[in-house]
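In this note's numbering, the protein residues as written are 2 to 265. Worksheet for the structure shown next.
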Amino acid sequence: MNNLPIGVFDSGLGGLTVLNELVKILPEEKFIYLADLKYSPYGEKSEQELEHIVKRILKYFVEKQVKLIVVACNTASTLDLIKKNEYEGIPILNVIDAAVDVVDDEVKDLLLIATKKTTESSTYDEKIKIKNPNIKLTKQACPKFVPAIEAGDLSDEDIQDMVDQYLAKYREKKIDAAILGCTHYPLWYNFIEKSLNPQVKIYNPAQNLALKVKEFLEKENFTNKDDSYKIAVSTGIKEEFEKKSKKILKNYKFDKVEEINIDF
Ligand code: DGL
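Written as structure tokens, this is what we have:
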């Protein structure tokens, strides 16, 4: 069990913000990163569609015999399928639990910045309520962000305009903190920071998710004793993913990038 890989997935590039943190604190582990570019963006899909999409990924990881599945996607983390925290006996850790976890006790007015699907789901509301019933949660969907981040062709000025379009209005509102509730958004951290008031604390849950993975592996005695590797699989064009991901990966490379078809 120990020497099996960890499966990590997202609709595309966003989950790499999580993989960066995982590789940083668990360099000795084996990772298979799945970028589901064929169905990106997830944020606009219906519940049924998304469930079908995510099921094929879970099945793929079962076939690959991973020891743990890390859901590096908030939108997928809203599904009941994921909330069960296991699939066919394989444990699952999701980014929403890690996000809710990092919110400080003194926060009163919290802004969730996320995809349409995530903001329409009650997952964050329920989990924040359990953590601290005094928090007032405001949710803002930013449907243009993920397609623009994936395309990667906007100028800095155009990115700032797009971010301001959704977030500048919160400068006039009482907000103590904001959650980057989509794993793509840390890639636009500086623009989001500029759009909000300077005193707003911005939470990126990626680091905490990586910590939770480390704690889990240690607690279960699942740490790898074998050689490590990092493999990426893409359901979209391999060369495109390879080129774009290179700009995001921090101090490591994928040992292999493959194009896969996992539809059923
Ligand atoms: N990065 C994802 C998330 O955290 C998916 C976004 C999308 O594909 O719309 O929600």
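Glycine residues also receive a C-beta, built at the ideal position from the N, C-alpha and C atoms.
DSSP-derived helix/strand/coil call for Tyr-88:
strand
Examine the Cβ distances between the segment 22 to 41 and the segment 224 to 232 and report whether three or more of them are shorter than 8 Å.
yes
Check each candidate in Glu-240, Phe-255, Ser-246 and Lys-215 and name the one with the smallest Cα separation from Ala-99.
Lys-215
Let's see if you can read the secondary structure: which residues bound the alpha helix (DSSP H) around Lys-213?
207 to 221
Whole angstroms is fine: what's the gap from Glu-266's alpha carbon to Ile-193's?
As displayed, the chain neither begins before 2 nor continues past 265, which places residue 266 out of reach and without an answer.
I'd like the span of the beta strand (DSSP E) that includes Leu-138, first residue to last.
137 to 142
Do Leu-111 and Val-104 have their C-beta atoms within less than 8 Å of each other?
yes
Output the residues surrounding the ligand DGL, defined as those with a CB atom closer than 6 Å to any ligand heavy atom, in chain order.
Asp-11, Ser-12, Gly-15, Ser-41, Pro-42, Tyr-43, Gly-44, Cys-74, Asn-75, Thr-76, Thr-116, Thr-119, Val-147, Cys-183, Thr-184 and His-185
Does the separation of the CB atoms of Leu-23 and Val-55 fall below 8 Å?
no
Range of the contiguous beta strand (DSSP E) that encloses Phe-32:
31 to 36
With which residues is Asn-95 paired in a DSSP beta bridge?
Val-72
Return helix, strand or coil for Tyr-190, following the three-state DSSP convention.
helix
Looking at the structure shown, is Glu-107 part of a helix, part of a strand, or coil, going by DSSP?
coil
Out of Lys-251, Lys-245, Ile-249 and Lys-239, state which residue places its alpha-carbon closest to the alpha-carbon of Lys-257.
Lys-239
Could you check if Glu-151 is buried or exposed, using at least 16 other CB atoms within 10 Å of its CB as the buried criterion?
buried
C-alpha distance - Pro-42 paired with Ile-129, whole-angstrom precision:
25 Å
Could you compute how far the alpha carbon of Tyr-61 sits from the alpha carbon of Asn-252?
28 Å
With a threshold of 16 other CB atoms inside 10 Å of the CB of Tyr-190, please say whether the residue is buried or exposed.
exposed
Compute the distance between the beta-carbons of Thr-18 and Thr-76, then report whether it is under 8 Å.
no
Does DSSP classify Lys-132 as helix, strand or coil?
helix
Are the segment 198 to 210 and the segment 176 to 187 touching by the rule of at least three beta carbon pairs closer than 8 Å?
yes
Is it buried or exposed for Asn-262, if we count other Cβ within 10 angstroms and need 16 for buried?
exposed
Indicate whether Tyr-204 and Ala-169 have their beta-carbon atoms separated by less than 8 Å.
no
May I ask you to report which of helix, strand or coil DSSP gives Ser-123?
coil
Less than 8 Å between the CB atoms is what I'm expecting for Asp-177 and Val-108, so what's the real figure, rounded?
5 Å
Leu-38 and Ser-235 - do their beta-carbons sit closer together than 8 Å?
yes
State the DSSP-derived secondary structure class of Leu-25, mapped to helix, strand or coil.
As written in the sequence, residue 25 is Lys, which differs from the Leu given in the question. Reduced to three states, the DSSP call for Lys-25 is helix.
What are the boundary residues of the alpha helix (DSSP H) that Leu-51 is part of?
48 to 64
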